[in-house]
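Numbering (mature numbering (1 follows the signal peptide of the UniProt record, and there is no 0)), first residue to last: -19 to -1, 1 to 124. For every residue, glycine included, the Cβ atom is placed at its ideal position computed from N, Cα and C. Worksheet: the structure to be examined is printed underneath.
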Amino acid sequence: MKKLFLLVIVILLSHNVQAQKQGIRGKITWSSGNQMPGPDKKSSTTKGIKRKIFIYEVATLEQVVQEEGFYKNINTKLVKEAKSCRNGRFRIKLPVGTYSVFVQESKGLWANLFDGKGQINAVQINNSTWTELNMNVNYMAAY
């Protein structure tokens, strides 16, 4: 009976490892202030930031409430929450699928990219592949 139990545990653990070979990885950065180029202007740099990341089943503009450029009441399933480290880097394991990725800010959830279908910050996760996603939180920047 012990051998059977151990065999089941080994099978479950090996399946779990195989199922988590994909997801998203990248960096969250912050930009603020005047970003316009000029003759006497030094180029501004972005810095990595620590933030809470929310991953939902893919959401469109019709499935959210938007206030002052931030999102609230995402009407799709919350799949995962994670955090970037203080330099902004993150790596999040996800099942195969399409997701919307948001960053938590004090006024709500933030994302600024859309695709041709109106999907908010959509990212496609494929089997055994890490998808690169870099997000520049730039709502305080002027371009």
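With 16 as the cutoff for other CB atoms within 10 Å, does K82 come out buried or exposed?
A small correction: the amino acid at residue 82 is Val; Lys does not occupy that position in the sequence shown. Under a 10 Å Cβ-count criterion, V82 is classified as buried, with 16 or more other Cβ atoms of the shown protein chains found around its own Cβ.
Assign A92 to one of two classes, buried (16 or more other C-beta atoms within 10 Å of its C-beta) or exposed (fewer than that).
Around the CB of A92, 16 or more other CB atoms lie within 10 Å, so the residue is classed as buried.
From V118, Y120, T110, S13, residue whose alpha carbon lies closest to that of L2:
A quick correction: the sequence has Lys, not Leu, at residue 2. Measuring from the Cα of K2, the nearest candidate turns out to be T110.
Per DSSP, R70 is paired with what?
Answer is K8, bridged to R70.
Out of curiosity, what's the CA-to-CA distance linking L42 and N68?
When rounded, the distance between both Cα atoms is 30 Å.
Taking Cβ to Cβ, would you say G14 is nearer than 8 Å to A103?
Against a cut-off of 8 Å, the Cβ pair of A103 and G14 comes out as no contact.
Alpha carbon to alpha carbon, how far is P18 from L94? Give it in angstroms, no decimals.
Taking the straight line from one Cα to the other gives about 23 Å.
DSSP-derived helix/strand/coil call for E49:
DSSP, read as helix, strand or coil, puts E49 in coil.
Of the choices Y52, P76, E113, L59, whose alpha-carbon is the least far from that of Y120?
Closest option to Y120, Cα to Cα, is Y52.
DSSP state of Q3 mapped onto helix, strand, coil:
Looking at Q3 - three-state DSSP - the assignment turns out to be coil, as it is neither helix nor strand.
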